[in-house]
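Beneath this line is the structure, given in structure tokens, with notes to follow.
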Amino acid sequence: MFQMISDGLTYLTSQSGESLLRLFWFVAIFEFPRYTLSFFSVVVLAFQAAPREAPYRGKVSILIAGHNEEDSIERCVRSLYEQSRAPDEIIVVSDGSTDRMPEKLRELQDAGLIKEGHCTQVRSGKSAGVNLALARATGDIVIVVDCDCTFDRHALKYILEPFVDPRVGAVAGNIVVRNATHNLITAFQAIEYLITISQGKQASDLTDQVSCISGAFGAFRIKAMRGVGGLDAGGGEDLDVTLSLRKAGWKTVFASDSICYTDVPEQLGVLVRQRFRWERDAVHLRYRKHRELMNPFSPRFSIRELTHELDFLLFNLAPPRSFRSTSFG
């Protein structure tokens with residue numbers, strides 16, 4: 000391994016400036032300015048402590064849908080009640096679980112920790128589970144969380160603050176890797192989450208480019224979410240509903256102080272399958288289902304939406320293709 004690193008460094012130091020630019024043209028033209036501007040925007044925000052919004056006074060519903068989550072659901076629910084701003088109601092759906100999750104929901108309901116627990120016999124997917132909970136929710140704001148998440152003590156308080164602005168339809172929470180120290184794979188994912196979410200979405204928020212409210216921890220104005228029909232079936236439901244909300248004219252923002260902790264894949268094979276699924280869903284949603292966002296002849300076209308669509312095209316799809324063409328001719 001050390002020999003390989005040494006050979007790589009020797010190769011790079013033997014190149015001229017022109018050949019290095021030819022090798023790393025994409026990084027020089029696109030990646031370096033993008034991440035540099037992102038970094039400086041976060042630094043500027045750190046020194047400009049904006050006054051906090053007034054506390055949100057409306058009713059808040061927590062929606063949780065999960066499959067075979069008997070080991071994590073109670074920890075998640077209790078974490079929500081440790082918040083400085085506790086939820087008004089929690090609705091949980093067991094989506095075709097074959098473990099003891101249904102029994103856990105009955106125990107939590109008997110203890111008064113959740114308002115409702117629903118159990119389906121057939122697994123229908125997260126979208127169906129969230130939509131069932133959404134139909135039962137009575138809050139003005141609904142917060143969708145994953146069963147395996149836990150939260151910083153002020154997470155709910157901070158994710159609710161932007162809803163003081165009536166134009167805001169959804170708020171993304173800040174996702175942090177909980178098992179970062181497990182192995183090298185989780186450590187790299189922790190760095191990635193820091194760059195793409197904690198730092199990246201903070202920069203995107205400055206330019207109104209928050210295009211995905213994470214399904215792990217995201218808050219929605221119930222009027223807005225019901226207005227776009229809730230979550231559609233299929234993968235990438237968090238990206239899908241966010242793009243639908245933006246098309247409907249709602250603002251989508253990021254709450255950097257609202258921190259949620261989650262576990263990431265610890266095995267390479269699981270991680271690769273997850274990322275292929277994410278990219279496949281994103282391509283389908285951005286360039287097929289919501290393709291009018293890039294069509295200048297569509298009444299829904301806007302430069303604001305075109306910007307984040309091109310950002311995904313350049314930084315998620317173009318680099319792998321350019322690498323393949325460079326490597327294999």
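The letter at position 146 of the sequence shown is residue 145 when you use numbering that gives the first Met the number 0, and the numbering goes up by one with no holes.
Virtual Cβ for every residue (Gly too), placed ideally from N, Cα, C.
Note that this is a predicted model, so its numbers are computed, not measured.
- Between residue 286 and residue 304, the gap from beta carbon to beta carbon reaches 9 angstroms or more.
- DSSP, read as helix, strand or coil, puts residue 174 in strand.
- Our two residues, residue 67 and residue 184, have alpha carbons roughly 25 angstroms apart in a direct line.
- In this chain, the alpha helix (DSSP H) harbouring residue 157 covers 154-159.
- Linking residue 295 to residue 116 through their CA atoms gives a straight-line distance of about 46 angstroms.
- Taking a C-beta distance under 9 angstroms as the contact criterion, residue 155 and residue 257 qualify as a contact pair.
- Residues of the same chain with a CB within less than 6 angstroms of the CB of residue 158, apart from the 5 flanking positions on each side, are 170, 172, 218, 254 and 257 in chain order.
- When only Cα atoms are considered, residue 269 and residue 153 end up about 32 angstroms apart.
- Contact between residue 138 and residue 88 holds: their C-beta atoms lie close to 7 angstroms from each other, under 8 angstroms.
- Straight through space, the alpha carbons of residue 199 and residue 241 are spaced by roughly 17 angstroms.
- Sequence-distant partners of residue 140 (beyond 5 residues in either direction) whose C-beta falls short of 8 angstroms from its own C-beta, in its chain, are 55, 57, 58, 59, 60, 159, 162, 218, 219, 220 and 221.
- In this structure, the straight-line span from the alpha carbon of residue 110 to that of residue 203 is close to 42 angstroms.
- The straight-line gap separating the alpha-carbon atoms of residue 271 and residue 175 is approximately 19 angstroms.
- Per DSSP, the beta bridge partners of residue 220 are 140.
- C-alpha of residue 215 to C-alpha of residue 248: approximately 23 angstroms in a straight line.
- Membership of residue 200 in the alpha helix (DSSP H) is indicated by the continuous run 199-205.
- Rounded to whole angstroms, the gap between the alpha carbons of residue 71 and residue 4 is 42 angstroms.
- In the DSSP assignment, the residues bridged to residue 260 are 149 and 175.
- Residues of the same chain with a CB within less than 7 angstroms of the CB of residue 196, apart from the 5 flanking positions on each side, are 173 and 174 in chain order.
- Per DSSP, the continuous beta strand (DSSP E) segment holding residue 61 begins and ends at 59-65.
- The C-alpha of residue 234 lies about 21 angstroms from the C-alpha of residue 223.
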